[in-house]
Amino acid sequence: MKVEYQRCSFFCIAQIAACRCEETLGGESGTRFTLPKLNGLHFIHTLIIHTCDLLIIPNGTFDGVVFHQLIKLVAIKQVVLSPWTFRGILRSPHELIIQEANFHRIPKNAFSGLSNLKHIWFRNATIGSIAARAFEHNFSGKMHEVENFFIRGNVRIRSLGAMVFSDSQIAQLVFEDVRMSTNELCFIGVEVNKLMLMRCRWRNRRTRHLSRFISQSIDHVHLINTTVDRLALSTFFNSTKIQIDQSTIAELSPATSNLRARSIYFFKSTIKQITSNAFHNINSIELLEVVQSKIGIISERAFRNANIETLLFDKSSIDQIHTTSFEKTRIRTLQWSECEIGGMSANIFLNTIIQQILISKSKVTSIANNCFADLILATFLIVDSKMSQIGSSPFANVQVENLTLHNNEFTFGDFGTIFAQLGVLSLTATNNVFGCDPNDCETNALLLNNDERYMPWYFENNRCLKSHGKEICKRELEWTDRGGVHCRGRHQIVECVCDGDTTSDKSVQLPQTNASILLIGDCIQLHINSASTSRVTSLHIYRIETLQLLRLPPRLKTLQIFHSRVHFINENAFAYLNMDRVEVIATHINTIERYAFRDSSVKTFILRDSALLNAERHAFGSSSIENFYAEICKFYRVDNLWSYLNNVSIRQSFVDNPIELMRLRTFCFEDSDSACECVPDEFIERNRCETRIESCPESDISVENWQTKFCMKADQHNSGTASVKADSNRRFSVLLIPDCNKLAAMIFLLYRFAVVV
2 MKVEYQRCSF FCIAQIAACR CEETLGGESG TRFTLPKLNG LHFIHTLIIH TCDLLIIPNG
62 TFDGVVFHQL IKLVAIKQVV LSPWTFRGIL RSPHELIIQE ANFHRIPKNA FSGLSNLKHI
122 WFRNATIGSI AARAFEHNFS GKMHEVENFF IRGNVRIRSL GAMVFSDSQI AQLVFEDVRM
182 STNELCFIGV EVNKLMLMRC RWRNRRTRHL SRFISQSIDH VHLINTTVDR LALSTFFNST
242 KIQIDQSTIA ELSPATSNLR ARSIYFFKST IKQITSNAFH NINSIELLEV VQSKIGIISE
302 RAFRNANIET LLFDKSSIDQ IHTTSFEKTR IRTLQWSECE IGGMSANIFL NTIIQQILIS
362 KSKVTSIANN CFADLILATF LIVDSKMSQI GSSPFANVQV ENLTLHNNEF TFGDFGTIFA
422 QLGVLSLTAT NNVFGCDPND CETNALLLNN DERYMPWYFE NNRCLKSHGK EICKRELEWT
482 DRGGVHCRGR HQIVECVCDG DTTSDKSVQL PQTNASILLI GDCIQLHINS ASTSRVTSLH
542 IYRIETLQLL RLPPRLKTLQ IFHSRVHFIN ENAFAYLNMD RVEVIATHIN TIERYAFRDS
602 SVKTFILRDS ALLNAERHAF GSSSIENFYA EICKFYRVDN LWSYLNNVSI RQSFVDNPIE
662 LMRLRTFCFE DSDSACECVP DEFIERNRCE TRIESCPESD ISVENWQTKF CMKADQHNSG
722 TASVKADSNR RFSVLLIPDC NKLAAMIFLL YRFAVVV
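Quick note: the sequence shown, position 363, residue 364 per my numbering, numbers continuous.
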C-alpha cells in the first residue's frame with residue numbers, strides 16, 4: 002500500500018519513503034523541495050530523495066524518527082543543510098549516501114547527532130565549504146562505530162575547515178578521487194583507525210599555531226597517488242603510522258605541534274622540498290623510511306631537535322642537503338643505501354648526536370668543507386660508494402669511536418685534510434681508490450702505506466685512481482725536534498723516538514704537533530706537560546726509563562704506556578679528561594698524586610704485568626672509572642684507590658691491603674693474594690670470583706682487629722719496593738731495541754717479558 006505524506010510516497014509494507022520534488026510556478030526556477038518534519042512517521046526503513054534542483058532540509062527534520070537501513074540523496078543540484086539537521090534522531094540508518102549532489106556550504110553541526118552508521122558516502126559531489134566542527138559529536142553511539150566514511154568518486158571540496166571531524170569516531174575515513182582545499186587543522190579532533198587519501202589533489206592552507214590542540218587519535222594515515230601542495234605532518238600529530246605511497250608533495254612544511262607518530266614511510270614518492278622545522282621536535286619516531294623516492298632539498302634545520310630511532314634512505318635521490326639540516330638531532334641509526342645525493346653542505350650535523358651512520362652503495366656528487374663537522378657518534382661507515390668531490394676537513398671536530406672507509410672511490414678532493422681535526426678511537430680505511438696527487442708524498446704515505454693492525458688508525462690495500470704515468474711518492478715527512486727527538490709523520494699520525502743517547506739524563510718534552518695520533522719511545526726521560534691546544538687524541542708511549550705525567554692532552558681518548566717506569570703522575574694530570582681507554586702494560590708506577598684524575602671519566606682502565614707502589618689518598622677523587630682490570634700486577638700503599646672504581650676485576654695479582662675493596666658492593670679477586678693471612682667472611686661474600694685466599698676463623702671479628710691481627714705481614718711486602726725499582730732499572734737495559742721505529746717489537750715484548758717484583 003502506498004500513502005502520500007507531504008509530497009513523499011510512503012510504502013507502508015516496506016517502510017520506504019521516496020520523496021519527489023515539484024516545480025515552482027512558471028517552471029523557471031526548476032524543482033525545489035523542503036523536506037518536512039518526519040516525526041509523524043515513527044519508523045522508516047529507507048528514505049530516498051532524488052532529482053531536485055534545490056533540496057532544503059531544516060534543523061530537527063528527523064526528530065523522533067527511527068531509521069533502519071538508508072538515507073539517500075541523489076541527483077540534486079543544490080542541497081541546503083541547516084545546523085543540527087539530525088538532532089533528535091532516535092536511531093541513525095546503517096547507510097547515508099549522498100550522490101551526484103552539490104552543497105554550497107555544509108554548516109557547523111550539520112551532521113551532529115548521527116551515530117552507529119556502517120557507511121557514509123559522498124559520491125560525485127561538489128562541496129563549496131565544510132565548516133569547522135560540521136561533524137562534531139557525530140558518531141557518539143555506543144553500539145558500534147562507523148565502519149566507513151567515504152568521500153569518493155569525482156568529489157570537489159573548495160574549503161574544508163578546521164576540526165571538521167572533531168569528536169568523531171570512525172573506523173575508516175577515505176577520500177578518493179577528490180580535489181580539495183583544506184585548513185591545516187582539518188583532521189584535528191578526529192578518532193579514526195585508518196585515514197586514507199587516494200588519487201586526490203590536496204591544497205593545504207597554512208594556519209596559525211593553536212596554543213592547545215584538542216585530542217586526536219589516528220592509527221594509520223595512508224596517502225596513495227595523491228598530490229599535495231604543502232603538507233605539515235603535524236596535521237596527523239597523534240597518529241601511529243604515516244604511509245605515503247606514489248605521491249607528490251611540493252613542500253613538507255613546518256610542524257605546528259609535536260608529532261607523535263611511531264613510523265613514517267615514503268615509497269616511490271616525490272618531495273620537492275623538506276622545509277625548515279618540518280620534523281622539528283618530533284621525539285617518538287621509531288622508523289622514518291624513504292624508499293625509491295625523490296627529494297629535492299632538505300632545508301636548514303629541517304630535523305632540528307628531532308629524536309629518531311632509525312632514519313633510512315633506500316634507493317632514493319636527494320638533490321641537496323643544506324647546512325644544519327640535522328642540527329641538534331638525536332638519531333640512533335642513519336642510513337643511506339643505494340642512494341644518489343647531489344650535494345652535502347657544510348655543518349649538516351651541527352651539534353648532532355648519532356649512534357651510527359652508514360653510507361653504502363651510494364653516489365655523492367659533492368661533499369662540502371666541514372660537511373660532518375661537530376658530529377658525535379659511535380660508528381661511521383662508508384662502504385661501496387663513490388664520492389666525486391670532497392672538500393677540506395670533512396670530519397673536523399667529529400667525535401667518533403669507529404670510522405670505517407671500505408671499497409670506496411674518492412675521485413677529487415683535498416685528501417691532505419680528509420682526517421684533519423678528527424677525534425676517533427679507531428679508523429679503518431681499506432680497499433679504497435683515491436684521486437691521488439703523485440707529488441703529495443705525505444698524503445700518499447698516509448693513505449697508501451699499509452699499517453700494522455694494532456694501530457688505532459689502520460690503512461691497507463688503498464690505491465690511486467690514476468697515476469698519469471708518474472711514480473707515486475709515498476715518502477713520510479721527517480724532522481728532528483729541538484730536544485733531540487726524531488719524528489716522522491704523515492699528517493695526523495706522528496711517530497717519534499729519542500736520539501739514542503742512552504748516557505744522557507736530559508729530559509725531553511712531548512713534541513709539538515697537530516697530529517691526532519702520537520707514538521713516542523726509547524727515551525731516558527720524558528716529561529709530558531701538554532698545551533691546552535694539543536689535538537692529540539691517541540697517545541702511545543713505550544720504553545721510557547723515567548716518565549713524568551704533569552698534564553695530558555685535553556682531547557685525549559686513548560693512552561697506552563708500555564715497558565716504562567712512571568716516576569709520578571702529577572695532580573690534575575688527567576683532570577677533566579673524558580677517555581675511552583687507559584692501558585698500562587709491563588710498567589712500574591712509582592706515585593699517583595692526590596686528585597691526579599680529578600673530574601675525569603675513563604670507560605676502561607687496564608693494568609697488566611705492572612706494579613703500583615704508591616697512590617696518594619684521593620688520587621682518583623671525583624673521577625668515574627667504569628671498568629678496572631688488573632692482571633699479574635702488584636699494588637702497594639694504594640690507600641682508598643678502590644673506592645673510586647667500578648666493576649673491579651683483579652686476577653693473578655697481589656694487593657698488600659685489600660680492606661678498601663670491601664667498600665665496593667662486589668668485585669672480582671681471582672687467584673690473587675694479599676698481605677693478610679685471611680679475610681673476613683664479608684670479603685668472601687662480595688668476591689664474585691673464585692679465590693684461594695682463606696676466610697678468618699673468627700667470623701665476628703671487626704675490620705680494624707682483622708687488619709691488626711692478620712695483616713702484619715704487609716710491611717714485609719712493602720719493604721720489597723726497593724727490589725722492584727732495582728729490577729725495573731735492570732729491565733730497561735735489556736728492553737732497549739735498536740730498531741725503535743718498529744712498534745711490532747714492542748708488542749712482542751709485551752708477552753715475552755713481565756715486570757719482576
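Quick reminder that beta carbons are idealized off the backbone N, C-alpha and C, glycines included.
Buried/exposed call for residue i, threshold 16 Cβ in 10 Å
{"i": "S346", "result": "buried"}
{"i": "L466", "result": "exposed"}
{"i": "H43", "result": "exposed"}
{"i": "S720", "result": "Because the pLDDT of S720 is 43, which lies under 50, any placement of that residue in the model is unreliable, and the number read from its coordinates should be weighed accordingly. By the neighbour-count rule (16 or more Cβ atoms within 10 Å), S720 is not buried but exposed."}
{"i": "E29", "result": "For E29, the predicted structure reports a pLDDT of 48, less than 50, and the residue's modelled location is therefore unreliable. A value from the coordinates is still provided. It is exposed - the Cβ of E29 has fewer than 16 other Cβ atoms within 10 Å."}
{"i": "S317", "result": "buried"}
{"i": "K507", "result": "exposed"}
{"i": "A532", "result": "exposed"}
{"i": "D740", "result": "The predicted position of D740 is uncertain, since its pLDDT is 39 and thus under 50; a value taken from the coordinates is nonetheless stated next. So D740 ends up on the exposed side."}
{"i": "R731", "result": "Confidence in R731 is poor, its pLDDT being 34 and thus under 50, which makes the residue's placement too unreliable to answer from."}
{"i": "C20", "result": "buried"}
{"i": "D220", "result": "exposed"}
{"i": "A18", "result": "buried"}
{"i": "L91", "result": "exposed"}
{"i": "R476", "result": "exposed"}
{"i": "K558", "result": "buried"}
{"i": "S216", "result": "exposed"}
Residue i versus the options, residue with shortest Cα-Cα distance
{"i": "N371", "options": "N352, V384, K364 and Q357", "result": "N352"}
{"i": "L260", "options": "E287, I250 and E252", "result": "E287"}
{"i": "R157", "options": "C634, V165, F104 and D64", "result": "F104"}
{"i": "V67", "options": "L56, N110 and L115", "result": "L115"}
{"i": "L448", "options": "I298, E410, E683 and N628", "result": "E410"}
{"i": "E496", "options": "R483, G484 and T514", "result": "T514"}
{"i": "N445", "options": "P457, P37 and R464", "result": "R464"}
{"i": "R595", "options": "I342, V639, V583 and R609", "result": "V639"}
{"i": "L36", "options": "I45, C22, T47 and H46", "result": "C22"}
{"i": "C697", "options": "L382, V75, C677 and F268", "result": "C677"}
{"i": "Q170", "options": "N149, R664 and R92", "result": "N149"}
{"i": "G65", "options": "S623, T86, L56 and I77", "result": "T86"}
{"i": "H528", "options": "L196, L551 and R618", "result": "L551"}
{"i": "V486", "options": "L519, I355 and T418", "result": "L519"}
{"i": "N278", "options": "R302, S270 and K269", "result": "R302"}
Beta-carbon spacing of residue i, residue j below 7 Å
{"i": "R544", "j": "H564", "result": "yes"}
{"i": "T562", "j": "V537", "result": "Looking at the sequence shown, residue 562 is not Thr but Ile. Contact flag unset, no."}
{"i": "L289", "j": "I265", "result": "yes"}
{"i": "S367", "j": "C340", "result": "no"}
{"i": "T605", "j": "N628", "result": "yes"}
{"i": "M388", "j": "V365", "result": "yes"}
{"i": "G392", "j": "A369", "result": "yes"}
{"i": "R153", "j": "G129", "result": "no"}
{"i": "C201", "j": "T227", "result": "yes"}
{"i": "T47", "j": "L74", "result": "no"}
{"i": "A612", "j": "A597", "result": "no"}
{"i": "C669", "j": "R689", "result": "yes"}
{"i": "S300", "j": "T276", "result": "yes"}
{"i": "A102", "j": "A135", "result": "no"}
Residue i - partner residues in DSSP beta bridges
{"i": "W122", "result": "I98 and F151"}
{"i": "D246", "result": "I225 and F268"}
{"i": "H407", "result": "V384 and T431"}
{"i": "C465", "result": "F435"}
{"i": "N489", "result": "Contrary to the premise, residue 489 reads as Arg rather than Asn in this sequence. Paired residue(s): E479 and E496."}
{"i": "Y645", "result": "Y645 pairs with nothing; no bridge assigned."}
{"i": "S625", "result": "S602"}
{"i": "L253", "result": "L232 and I275"}
{"i": "V425", "result": "V401"}
Any C-beta of chain C under 7 Å from that of residue i
{"i": "S394", "result": "Note that chain C does not occur in the displayed structure, where there is just one protein chain."}
Exercise for the section: Only counting runs of 3 or more residues, tell me where the beta strand (DSSP E) segments fall wholly within the region 537 to 600, in order along the chain. Expected result: 539 to 552, 559 to 563, 566 to 570, 579 to 586 and 589 to 593
Practice task
Identify every run of the beta strand (DSSP E) within the region 174 to 210, keeping only runs that are complete inside it and at least 3 residues long; order them along the chain.
Solution key: 192 to 199 and 202 to 206
Exercise for the section: Run through the region 37 to 70 for me and flag every whole alpha helix (DSSP H) of 4 or more residues, listed as ranges in chain order. Expected result: List check, alpha helix (DSSP H) in window: nothing returned.
Handout entry: Unbroken stretches of the alpha helix (DSSP H), 4 residues or longer, contained in the region 280 to 336
Key = Qualifying alpha helix (DSSP H) stretches: none in this window.
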